[in-house]
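First the structure, in the form of structure tokens, and then the observations on it.
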Amino acid sequence: MTEDQRKALAKLRFNSAETPDDVWQTPASHVDGMHAKAEVRIRAGIADAKASTGPSPVGLVLQGRRGVGKTHLLGSVRRMVQQEGGYFFLIELTAGKVFWDDVADAMRSELRRTDDHGELQVTALLRQLCAVAGVPEDVTAAVLDQAPLTPEHMHVFLSRLRKVDSRVAVECGDTIRALVLYASEYADVGMAYLQGLPDAGDDRRHWGIQPQTKSSRVLVRDISRVLAMTGPCVVAIDQLDTLVNRGQDAIDEAVSGVELAQEIALIADGLMQLRETTRRTLSIVACLPNTWKLLHSIASDTVIDRFTETPILGSIIDPEVARTLVERWLGVIYRRDGFVPPHPTWPVAASAFGGAWVAHTPREMLKRIHAHAEACLSGEIRELRSFDEPTEVAAPVADGPEPDYFKEFDARFAHLRATAAISAGELKQHNEDELMPALLLAGLKAWINEVGNDDMAWDAGPGESASLHAGLRRTLNEELDTVERWGFRLIASSHGNRVLRRLRDARTAAGVRVGCATGTWC
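Per our numbering, the sequence shown starts with residue 28, numbered consecutively.
Written out as structure tokens, the structure reads:
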């Protein structure tokens, strides 16, 4: 049993820092009730948005230090609003001056995210619009990409929508047509319009779309008005901390530099206008308390008036919730590898959740389990009796020759290397998106293991959009939650226009913008 336990402990490798992609998945280790008070406020905000005839409710601010579960909570928010027939968008700002570009990009991209039933958000929107407008079955099938789409189908669809809300159907008609195309086999035409790109030919005219482009803010306004015809919406702003705390070295450090102050002012101005631009939309900002304090110190009172501060998210104060979280997280790993532990929370003893419980964040708990597993691998296997006990590397047990724990891995590596079917010649312009994400991710994870990651500063994951094949993150300051990001993608096409388009998409997904005045990347 000891050898099986060592193998199981070696698998306790995890990513305790959730990324935007995690919001769109319901983790098997999710535990209800970690932030019950905040959830009550959020549900009330969604209910207000759903009951509204148009205006958006006052936004909410979710504050808490790194590791308390802000991003995890946003995953719960996503499920809440989708269960109410609504929509969810997670915005990651790259710079204050491109606030509306970031919001528009996220709304466009995440319309093609799926809910827990596997349906695209844009498909759910079109399905509900067809139901509300009483669209004929044959037209509904075409609009939902279940039958060939024609301009006549588009005309009938818009005509029916005018009877529901003539103002939105007329003023947002081009955007509605683009949304239908975006969900169909003509997705590239719809996407180009929603990206604000100029018409390269007569594709738009064929579908009744005017060739003129719209600004990012106008596109956000139009999309929000269309969404509001069917249900509530949540727009969540996450990962503000790196942007706002840039150049800061410590909590409560005064903002220095005109450029940084201007950046924060632009972000605050965007947040203020977000409520006015959207309809039936609950805006949520998730950040560190210090980040909101900096915004508060620079922004006008009118910005702060548009958001209500929820109780600051804290550590887990209920030991039973902590026990359930650990049990479920370990259970996912153990079931995947067919390991049956001595008890559900092994290698954490029951005593760790009893007695004088000291509150910990989920991240602190998982990091402590990780450190304990590492200590067990190099010495005696024992249970963690308390999350507060010092981290120590146990002395190696002198009970015979040290087993070669890597022998099995070396043999498997040699086998995989010898039988690998991937070669540079097999990469083609049509299969790079299928082949490269897994290869790049495996390489990045191997690199992290090689350089060492005891402080868990490095994290590799899938690209944050389909335009990137993999991503790498490094935490620079845990208190301020500032990070560096790298994006990776392979472009195998030899066609110049395809290369440029994919390069532009990757650049946008990575948060690289082209300056209006100089044309340089920023």
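All C-beta atoms in this analysis are idealised placements derived from N, C-alpha and C, irrespective of residue type, glycine included.
Since the model is a prediction, treat every value here as computed from it, not as a measurement.
Residue i: CB within 7 Å of a non-hydrogen atom of the ligand GTP
i: A174; result: Absence of the ligand GTP from the depicted structure is noted, as is the absence of any ligand whatsoever, leaving it without description.
Nearest to residue i (by Cα), restricted to the options the options
i: G86; options: G217, E336 and V247; result: E336
i: S211; options: A169, T308, T202 and S79; result: A169
i: T177; options: L340, C157, S251 and R204; result: R204
i: P338; options: A63, V197, V50 and S56; result: A63
i: S413; options: S378, T388 and Q300; result: S378
i: T80; options: T308, R105 and G123; result: T308
i: R187; options: P163, L322 and Y209; result: P163
i: E290; options: L301, G60, L267 and R302; result: L267
i: P175; options: Y213, T150 and R139; result: Y213
i: E347; options: W384, G341, W373 and L322; result: W384
i: R244; options: T509, G382, Q222 and V261; result: Q222
i: A76; options: R252, A122 and D460; result: R252
i: R355; options: L393, D332, A386 and L321; result: L393
i: K320; options: G341, P259 and R92; result: R92
i: P242; options: A398, D229 and L224; result: The sequence given here places Ser at residue 242; Pro does not occur at that position. Checking every option, the nearest Cα to that of S242 belongs to L224.
i: Q32; options: P259, C157 and W373; result: W373
i: T304; options: G96, R525 and W127; result: W127
i: I264; options: H233, T318, D165 and R232; result: T318
i: L517; options: E511, N458 and A445; result: N458
i: R512; options: A487, A386 and L147; result: A487
Distance between residue j and residue i (C-alpha atoms, nearest Å)
i: D364; j: A37; result: 11 Å
i: A421; j: E66; result: Low local confidence applies: a pLDDT of 49 at A421 is under 50, so the model's placement there is unreliable, and no value is given.
i: L100; j: G523; result: 43 Å
i: P84; j: L246; result: 20 Å
i: V478; j: F334; result: 43 Å
i: D437; j: I475; result: 18 Å
i: T98; j: T269; result: 15 Å
i: P417; j: F380; result: 16 Å
i: V159; j: S193; result: 13 Å
i: A219; j: R135; result: 10 Å
i: A400; j: D49; result: 25 Å
i: L530; j: G514; result: 12 Å
i: K34; j: A537; result: 37 Å
i: D201; j: Q239; result: 10 Å
i: G406; j: H370; result: 21 Å
i: T547; j: N272; result: Summary for T547: the model assigns pLDDT 40, below 50, so the residue's position carries little reliability; its value from the coordinates is reported in the next sentence. In a straight line, the C-alpha of T547 is about 24 Å away from that of N272.
i: A255; j: R306; result: 6 Å
i: A131; j: G94; result: 28 Å
i: L120; j: N504; result: 19 Å
i: L499; j: Y361; result: 26 Å
i: M107; j: F115; result: 9 Å
i: T535; j: L462; result: 22 Å
i: A277; j: K472; result: Reliability of the predicted coordinates at A277 is poor, the pLDDT of 49 falling under 50, and the value obtained from them is presented with this limitation in mind. Distance between the alpha carbons of A277 and K472 is about 30 Å.
i: F366; j: S103; result: 29 Å
i: H442; j: F433; result: 14 Å
i: E30; j: R409; result: 13 Å
i: H182; j: A133; result: 28 Å
i: I73; j: L117; result: 15 Å
i: I294; j: I325; result: 10 Å
i: A480; j: D415; result: The sequence given here places Asn at residue 480; Ala does not occur at that position. Distance between the alpha carbons of N480 and D415: 21 Å.
i: A349; j: A55; result: 15 Å
Beta-carbon proximity of residue i to residue j, cut-off 8 Å
i: Q155; j: G217; result: no
i: C199; j: D249; result: yes
i: Q90; j: P316; result: yes
i: V88; j: V312; result: yes
i: D143; j: T53; result: yes
i: A497; j: L468; result: yes
i: P389; j: I344; result: no
i: F184; j: V149; result: no
i: V359; j: L411; result: no
i: G533; j: S494; result: Per the sequence shown, the amino acid found at residue 533 is Ala instead of Gly. For A533 and S494, yes; Cβs fall inside 8 Å.
i: G490; j: G297; result: no
i: L171; j: L153; result: yes
i: L138; j: Y209; result: yes
i: L301; j: V262; result: yes
Per DSSP, cross-strand counterpart(s) of residue i
i: S324; result: According to DSSP, which records beta bridges pairwise, S324 is partnered with nothing at all.
i: F116; result: V262
i: C199; result: The partner list for C199 (beta bridge, DSSP) is empty, contrary to what the question assumes.
i: G488; result: G498
i: S310; result: V262
i: I343; result: H387
i: F515; result: A497
i: T335; result: L87
i: T509; result: N504
Exercise for the section: Could you pull out every unbroken alpha helix (DSSP H) segment of at least 4 residues lying fully inside the segment 353-414, listed in chain order? Expected result: Positions of the alpha helix (DSSP H) runs, each at least 4 residues long and wholly inside the segment 353-414, are given as 389-404 in order along the chain.
Exercise for the section: For the segment 129-182, list the alpha helix (DSSP H) runs that are entirely contained and at least 4 residues long, ordered along the chain. Expected result: Within the segment 129-182, the alpha helix (DSSP H) runs of at least 4 residues that lie entirely inside it are, in chain order, 148-160 and 164-170.
Exercise for the section: Would you mind listing the alpha helix (DSSP H) stretches within the segment 56-101 that are 4+ residues and don't spill past its ends, in chain order? Expected result: Counting only unbroken stretches of 4 or more residues, the alpha helix (DSSP H) elements lying wholly within the segment 56-101 are 63-78, in sequence order.
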